[in-house]
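Just below is one structure, and these are the notes that go with it.
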Amino acid sequence: MRPEQGTLISRAQAMEALLELLTDQPVIICNGFPSREAHKIVDRPTHFYMIGSMGNAPAIALGVALAKPNKQVITFDGDGNVLMGMGTLATVGALKPKNFIHVVFDNEVYGTTGNQPTISNVVPLEKVAKSAGYVNVERVLDRDDLVYEFKDMLKKDGPSMLLIKVNEFVEDAGRVLHDPPDITRRFMKAIVG
Amino acid sequence: MRRLSAGVSQYARGKPSVIESDVFVQTMQDMGVNFFTGVPDSILGGIIAELMNRRLYTPAVREDEAVGMAAGAYMAGKTPAVLMQNSGLGTSLNALISLNMIYQQPCILIISWRGQGGKDAPEHLVMGEVMPQLLDTIKIPHRTLTEKTVIEDFRWVAETFMKQRIPVALFITKGVVKGLHP
Numbered sequence: 079m080r081p082e083q084g085t086l087i088s089r090a091q092a093m094e095a096l097l098e099l100l101t102d103q104p105v106i107i108c109n110g111f112p113s114r115e116a117h118k119i120v121d122r123p124t125h126f127y128m129i130g131s132m133g134n135a136p137a138i139a140l141g142v143a144l145a146k147p148n149k150q151v152i153t154f155d156g157d158g159n160v161l162m163g164m165g166t167l168a169t170v171g172a173l174k175p176k177n178f179i180h181v182v183f184d185n186e187v188y189g190t191t192g193n194q195p196t197i198s199n200v201v202p203l204e205k206v207a208k209s210a211g212y213v214n215v216e217r218v219l220d221r222d223d224l225v226y227e228f229k230d231m232l233k234k235d236g237p238s239m240l241l242i243k244v245n246e247f248v249e250d251a252g253r254v255l256h257d258p259p260d261i262t263r264r265f266m267k268a269i270v271g
Numbered sequence: 002m003r004r005l006s007a008g009v010s011q012y013a014r015g016k017p018s019v020i021e022s023d024v025f026v027q028t029m030q031d032m033g034v035n036f037f038t039g040v041p042d043s044i045l046g047g048i049i050a051e052l053m054n055r056r057l058y059t060p061a062v063r064e065d066e067a068v069g070m071a072a073g074a075y076m077a078g079k080t081p082a083v084l085m086q087n088s089g090l091g092t093s094l095n096a097l098i099s100l101n102m103i104y105q106q107p108c109i110l111i112i113s114w115r116g117q118g119g120k121d122a123p124e125h126l127v128m129g130e131v132m133p134q135l136l137d138t139i140k141i142p143h144r145t146l147t148e149k150t151v152i153e154d155f156r157w158v159a160e161t162f163m164k165q166r167i168p169v170a171l172f173i174t175k176g177v178v179k180g181l182h183p
């Protein structure tokens, strides 16, 4: 058993705490259970739920952030996703969009496909982000800390990464009901202005 | 996206000549394209240099990342273009089919045709041969830019982008658009 296991909150619990602090900010949520869980917790038109293109959530969020420099853009990501699209940490670090917050729910497994281990137990992703040029990075283990740090990041210039260690628990959440083209259209409408 | 006008008309009138990079970029801007990203290729060198001069280019580290950035920019109200060597099509295949195609997010793919006609370095030969069929298979409309048909080519790109709401590809062969080294 890993030392941190057993004491951590679930991704859904962490996500719920973060979503309580958000209102109308665009949130790009990676594929797999993270999108399903966010959709179950609260379904906002400002949520872009992904179902494919693993590893691409921060790239999409970066495109939104560059096109909308006055809006704070958040992406909900996972450790497997970050590892797959790790180059994007460099792109974000180099471009340094101030309005970019990268939240990583790190459960050290590919949860959607049966909990096969990733390598984030030995590769500290927030340190990779820091080395790549993210301005603020934090690694948190509990609810109080994640709320404190996320509130702080919402006030600061980014790019920022909040890595939250979570357990492997998966919420009983069905597939996102909206059709993908509808998700695109309603997200576009919701972030106009 | 707007209809294009004057910029490229000189190529249709006189005898065919190499398309200048600044005319190429200006034509895309005239069409309303206002977000450019991608990964370089030598054939695209002149276009990218011009985009950088105009401070319009956001470099990506992989082609699928560029496709993702373009999708985000599109949803935030931009008209995006992604530049890449055709090897990058392989890299971006999953993003194109599991993001752009199913979410109906259009972008303009400016793809250099390495390996065309079997005359290139070995790593380009397979993709150079199968690229049009590959795009046919994944149902991405494509067309090859020529000096003679440049107005129709750009008009087709704009219309397809607007109508189909999926990626549309314009192939750039060697020597059609002026490169960095004449």
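Residue numbers (my numbering), protein chains in the order written: chain G, 79 to 271; chain E, 2 to 183.
Don't be surprised by glycine CBs; every beta carbon is placed ideally from N, CA and C.
Asked, Found
"Is G/M128 near the ligand ATP, with its Cβ less than 7 Å from a heavy atom?", "The ligand ATP is not part of the structure shown, which contains no ligands of any sort."
"Identify whether G/R264 lies in helix, strand or coil by the three-state DSSP scheme.", "helix"
"Does the region 19-28 of chain E come close enough to the region 156-176 of chain G to have 3 or more Cβ pairs within less than 8 Å?", "no"
"Taking beta-carbon pairs under 7 Å, can you tell me which members of the region 58-80 of chain E lie near chain G?", "T59, A61, V62, R63, D65, E66, G69, M70, A71, A72, G73, A74, M76, A77, G78, K79"
"Count the CB pairs spanning the region 127-145 of chain G and the region 82-102 of chain E that are closer than 8 Å, and state whether there are at least three.", "yes"
"Check each residue of the region 102-113 of chain E: if its Cβ is closer than 7 Å to any Cβ of chain G, include it; give the result in chain order.", "I103, Y104, Q105, Q106"
"What do you get for E/Q117, buried or exposed, if any count of 16 or more other CB atoms within 10 angstroms of its CB means buried?", "buried"
"To the nearest angstrom, how far is it from the Cα of E/V177 to the Cα of G/A207?", "40 Å"
"Is DSSP giving E/K179 helix, strand or coil here?", "coil"
"Output needed for G/A90: all residues of its chain with C-beta closer than 7 Å, excluding positions within five of it in sequence on either side, in chain order.", "E115, I119, E249"
"Determine, using beta-carbon pairs with one atom in the region 65-75 of chain E and one in the region 100-114 of chain E, whether at least three such pairs fall under 8 Å.", "yes"
"Pairing CB atoms from the region 92-112 of chain G with CB atoms from the region 241-259 of chain G, are three or more of them under 8 Å?", "yes"
"Which residues bound the beta strand (DSSP E) around G/Y127?", "125-127"
"Which whole runs of the beta strand (DSSP E) in the region 50-79 of chain E are 3 residues long or more, in chain order?", "58-60"
"Tell me the DSSP secondary structure of E/S43 in three-state form.", "helix"
"Bridge partners for G/G156 per DSSP, in chain order?", "G/F183"
"Establish whether the CB of G/N177 and some CB of chain E are separated by less than 8 Å.", "no"
"Kindly list, in the order they appear in chain C, the residues whose Cβ is closer than 9 Å to that of G/V120.", "The structure shown has no chain C; the protein chains it does contain are G and E."
"Identify every run of the alpha helix (DSSP H) within the region 87-120 of chain G, keeping only runs that are complete inside it and at least 4 residues long; order them along the chain.", "89-98, 111-119"
"For the region 113-169 of chain E, list the beta strand (DSSP E) runs that are entirely contained and at least 3 residues long, ordered along the chain.", "143-145"
"What does E/L100 reach in chain G if we use C-beta pairs closer than 7 Å?", "G130, S131, N134"
"Go ahead and label G/L255 buried or exposed: buried means 16 or more other beta carbons lie within 10 angstroms of its beta carbon, across all protein chains shown.", "exposed"
"Since E/F37 sits in a beta bridge, which residues does DSSP pair it with?", "E/Y58, E/A82"
"According to DSSP, G/P195 sits in a beta bridge with which residue or residues?", "G/V187"
"Distance cutoff 8 Å, beta carbons only. Does G/R89 sit that close to anything in chain E?", "no"
"Exposed or buried, E/L181, counting other C-beta atoms within 10 Å across all chains shown (16 or more means buried)?", "exposed"
"With a threshold of 8 Å between beta carbons, is G/K234 in contact with chain E?", "no"
"Closest to G/D235 by CA distance: which of G/G141, G/L86, G/Y212 is it?", "G/Y212"
"Report the rounded CA-to-CA distance for E/Q106 versus G/A139, giving the unit in angstroms.", "14 Å"
"Starting from G/R221 and walking both ways along the alpha helix (DSSP H), at which residues does that stretch end?", "221-233"
"Using a cut-off of 8 Å between C-beta atoms, extract the partners of E/A170 located in chain G.", "Per Cβ cutoff of 8 Å: no residues; E/A170 is ~18 Å from chain G at best."
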